[in-house]
Amino acid sequence: MKRKSVKPVYSMVVQPAFIIGTVNEDGTDNFAPITWVSVTHEEGDKYLLVISMSGTKTTKMNVLRTGLLSVNLVNRQMLPLMDYFGTHKAKDGAKTGMKYAVSRGKILDIPVLDDSPWVYECKVKQTVKTGDSTTFFCNIMNIQIDEEIECKDTFDVDLTKLNPIIYSGKYHSIGKLLGCIGDCLHEVQSVSKVKSHTK
């Protein structure tokens, strides 16, 4: 492989797509797609969901005001809804151009999208500002997952069953499950054996 250097203007990062649910000042529900989502480890076996939002979007203002949000994973079937939310701003009026089912969180009083197969109910623990962006470090108060999804532990999530949308400036889907940690070592060993025999 030969690489070339380019100006540091690209923000290409492989990002899972989520729709963030919040409550507006008037008590109505608000949803917006956010892809700057990650996770970091806290003490013990706890994790914090890490979500960054830039500008003055309504979703960001709602999170700053209430400290509560739902983080709804977007699967392939939800892509039209994500695209709709992404092209319509709350400041321009209620997002009622598409039908979608909403319920309340099991633990927190936040709106949750019924079609999402994996939902985090979150409460902000800490915020960090960088430029016009705010990063929220959130306690995960509850996780709702599709009843058909079975997970033994953190490393047992089969994304092919969740069928998530991946974003990097364009929408993508994922391919096949390749294995667990350690399953692919034989590929490296096989290549090494071939190289040693050809010397």
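Under my numbering, the residue at position 141 of the sequence shown is numbered 190, and the numbers go up by one with no gaps.
By construction, the Cβ of each residue, glycine as well, lies at the ideal position given by its N, Cα and C atoms.
Values in this document were obtained by computation on a predicted structure and should not be read as measured data.
Let's test the definition: count the other Cβ atoms within 10 Å of the Cβ of residue i and tell me whether it reaches 16, buried, or not, exposed.
{"i": "I214", "result": "buried"}
{"i": "I159", "result": "buried"}
{"i": "M102", "result": "buried"}
{"i": "F204", "result": "exposed"}
{"i": "L234", "result": "exposed"}
{"i": "L227", "result": "exposed"}
Note the first and the last residue of the continuous beta strand (DSSP E) segment covering residue i.
{"i": "N111", "result": "From DSSP, N111 is part of no beta strand (DSSP E) but of the alpha helix (DSSP H) over T107 to T115."}
{"i": "G70", "result": "F67 to V72"}
If you run the structure through DSSP and keep just helix, strand and coil, what is residue i?
{"i": "T77", "result": "coil"}
{"i": "L157", "result": "coil"}
{"i": "L118", "result": "strand"}
{"i": "T84", "result": "coil"}
Just grab the DSSP bridge partners of residue i for me.
{"i": "H221", "result": "I215"}
{"i": "W167", "result": "I194"}
{"i": "T89", "result": "L97"}
{"i": "L162", "result": "V151"}
{"i": "C187", "result": "L98 and V173"}
{"i": "S103", "result": "S182"}
If I follow the unbroken alpha helix (DSSP H) through residue i, where does it start and stop?
{"i": "M131", "result": "L128 to G135"}
Using a Cβ-Cβ cutoff of less than 6 angstroms, which residues in the same chain neighbour residue i once the five nearest sequence positions on both sides are dropped?
{"i": "Q193", "result": "V168"}
What does a CB cutoff of less than 7 angstroms around residue i pick up in its chain, not counting 5 residues either side in sequence?
{"i": "K109", "result": "M102 and T183"}
{"i": "G250", "result": "Because residue 250 is not part of the residues shown, which for the chain are 50 to 248, the question remains open."}
{"i": "G196", "result": "Position check: residue 196 holds Glu in this sequence, whereas Gly was assumed. Same-chain partners within the cutoff: there are none."}
Which residues in the same chain as residue i place their Cβ atom closer than 8 angstroms to its Cβ, once the five residues preceding and following it in sequence are excluded?
{"i": "S277", "result": "Residue 277 cannot be examined here, being either before or after the span of the chain that is shown, 50 to 248."}
{"i": "K174", "result": "L97, F186, C187 and N188"}
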